[in-house]
Amino acid sequence: MNQRKKQRGSITLETAIVLPIFFFMFMALIGLFRVVVAQNQMTHVLVQATKSMSLDPYLADSAGADSLANVVLKLSSSSHGDYFASNDKWYAGGDANATAKKRFIGYLTGGDVAAAQDKLEGIGIVNGLNGVTFDTNVSGENLTVTISYEIQYWFDMFGMGKIPMKQTMYSRLWQTQK
420 MNQRKKQRGS
430 ITLETAIVLP
440 IFFFMFMALI
450 GLFRVVVAQN
460 QMTHVLVQAT
470 KSMSLDPYLA
480 DSAGADSLAN
490 VVLKLSSSSH
500 GDYFASNDKW
510 YAGGDANATA
520 KKRFIGYLTG
530 GDVAAAQDKL
540 EGIGIVNGLN
550 GVTFDTNVSG
560 ENLTVTISYE
570 IQYWFDMFGM
580 GKIPMKQTMY
590 SRLWQTQK
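Take 420 as the starting number for the sequence shown in the numbering used here and just add one per residue.
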């Protein structure tokens, strides 16, 4: 009888040690998955924004004042602003970073800045939209858009804190034949 009580106490002690370790490891794994999901969402939005920006030179250079493309652009921009298309020549010395940020917001939440802020904070981006910096470079026919941000690790078991991220997307600008 005494032997049986010792075994029960042993199982309770093992459970008291192993269960918290299992719990913390499981939480760390979930935190790692959240980082992967956040990075995947940021990459997807960056790809879409860069592709969209690469079409602007073709639209702006080929569209005359009365062309069908210009009419379509005016109709689309009346409901969404410059979040998806623009015939401003940002690629020729304008503010490309502001255009990149607008496209990013457009493809993230459809142009809703407050929703973009909330969504980015929700997936763990430090300071939300204000924590994302854009660096846009146009070199000849090549467009490079780089975003930098930090992800707050969800369950910071090992003191990792904030994870700095940097993603770059390259695209060739669509241009008319000259």
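Even for Gly, the Cβ is constructed at its ideal location relative to N, Cα and C.
Residue environment, residue i, which counts as buried when at least 16 other CB atoms sit within 10 Å
i: residue 505; result: buried
i: residue 449; result: exposed
i: residue 508; result: exposed
i: residue 469; result: buried
i: residue 559; result: exposed
i: residue 436; result: exposed
i: residue 502; result: buried
i: residue 527; result: buried
i: residue 533; result: exposed
i: residue 539; result: buried
i: residue 441; result: exposed
i: residue 523; result: buried
i: residue 476; result: buried
i: residue 429; result: exposed
Beta carbon proximity, residue i to chain B, threshold 9 Å
i: residue 549; result: Of the protein chains in this structure there is only one, and it is not chain B.
Identity of the residue in the options nearest residue i by Cα
i: residue 580; options: 447, 432, 534; result: 447
i: residue 582; options: 458, 589, 442; result: 458
i: residue 547; options: 437, 511, 567, 508; result: 567
i: residue 479; options: 468, 510, 462; result: 510
i: residue 465; options: 441, 525, 432; result: 525
i: residue 575; options: 463, 461, 587, 444; result: 444
i: residue 460; options: 593, 535, 439; result: 535
i: residue 593; options: 471, 456, 452; result: 471
i: residue 557; options: 530, 467, 431, 512; result: 512
CB-CB length for residue i against residue j, believed under 8 Å
i: residue 585; j: residue 565; result: 7 Å
i: residue 591; j: residue 473; result: 7 Å
i: residue 549; j: residue 589; result: Not quite, the Cβ-Cβ distance comes to about 26 Å (not below 8 Å), so this is no contact.
Cross-strand partners of residue i (DSSP beta bridge)
i: residue 589; result: 563
i: residue 552; result: 567
i: residue 583; result: 569
i: residue 557; result: 562
i: residue 544; result: 570
Any non-hydrogen atom of the ligand GTP within 8 Å of residue i CB
i: residue 463; result: Ligands displayed in this structure: none; no statement on the ligand GTP is therefore possible.
* Would you check if there are 3 or more beta carbon pairs closer than 8 Å linking the stretch 544-559 to the stretch 514-528? => yes
* Asked: Any contact of the stretch 527-544 with the stretch 568-575, i.e. 3+ C-beta pairs under 8 Å?
  -> yes
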